[in-house]
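Have a look at the structure below before the remarks.
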Amino acid sequence: MINDNIIEQVTDFKYLGYRISEYKSDLEDKLQTYNKINRAIRRHFGKQMNRETKLRFHNIRAKAALKFGSEALVLKKREEQRLEAAQMKFLRHLLGIIKLDKEKNQCIREKT
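Start counting the sequence shown at 667; every next residue gets the next number (our numbering).
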């Protein structure tokens, strides 16, 4: 209670764009935003844009959304794997590679 006002207790909230929570990490929100941007790139610029332009757009917008505020973020092994999987999903789609092609992630990175 401050100045006769009751302060509500919450389990999570956003402060300056960061999620502060007991249960859910800020990484979940970042991955959702990253995936939304990548879906928008695929949906709106499908075959109209060449690969280099889509990749440039991805590097400028999607990666920036993912990295914003992550300078001091400590990731668990599982979280690192989820980030890697999200990036690989976009790059595979960009290059037209499906998982059945069994291309290694390193080879996909070299192609982009």
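Every residue gets a Cβ at the ideal spot worked out from N, C-alpha and C, and that includes glycine. In this text the structure is predicted, and so the values were computed from the model without any measurement.
Burial of L693 is indicated by the presence of at least 16 other C-beta atoms within 10 angstroms of its C-beta. Around the beta-carbon of I707, 16 or more other beta-carbon atoms lie within 10 Å, marking it buried.
Per DSSP, reduced to three states, the secondary structure at F679 is strand.
L749 places its beta carbon 9 Å or farther from that of L761. Counting along the chain, H710 sits inside the alpha helix (DSSP H) bounded by residues D692 to H710. For H710, the number of other beta carbons within 10 angstroms of its own is below 16, and it is reported as exposed. Assignment of I774 by DSSP, reduced to helix, strand and coil, places it in the helix class.
A residue is called buried when at least 16 other Cβ atoms come within 10 angstroms of its Cβ; Y681 does not meet this threshold and is exposed. Of the candidates I686, E674 and N701, the residue whose Cα lies closest to the Cα of R727 is N701. Boundaries for R727: no alpha helix (DSSP H) harbours it, and the DSSP string shows neither H nor E there.
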